[in-house]
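Peer 1: Have a look at the structure that comes next, please.
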Amino acid sequence: MNLDDRVVICTSLLARNKIEPFLNRMITGDEKWITYESIHPPTITCFCPYKIF
Numbered sequence: 011m012n013l014d015d016r017v018v019i020c021t022s023l024l025a026r027n028k029i030e031p032f033l034n035r036m037i038t039g040d041e042k043w044i045t046y047e048s049i050h051p052p053t054i055t056c057f058c059p060y061k062i063f
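Those letters in the sequence shown? Residues 11 to 63, per our numbering, in order.
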């Protein structure tokens with residue numbers, strides 16, 4: 011793969027990232043690329059009018 015191919019690929023990935031952000035989810039290590047989803051349960055707050063002791 012030559013430099014021109016790499017520039018085309020990088021430009022394409024940056025354009026795609028503007029439409030659907032994915033680069034902030036990439037983890038690179040050596041030659042392996044892994045995507046991850048940060049899954050945290052939503053925090054639920056409830057209003058309880060009664061005092062519990």
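Even glycine gets a Cβ: it sits at the ideal position worked out from N, Cα and C.
Would you mind reading off the limits of the alpha helix (DSSP H) that contains ARG35?
Peer 2: Premise fails: ARG35 is in no alpha helix (DSSP H) and is neither H nor E.
Peer 1: Look up ASN12 in the DSSP assignment and say whether it is helix, strand or coil.
Peer 2: Correct three-state label for ASN12: coil.
Peer 1: What does a CB cutoff of less than 8 Å around ARG26 pick up in its chain, not counting 5 residues either side in sequence?
Peer 2: Here the set comprises PHE32.
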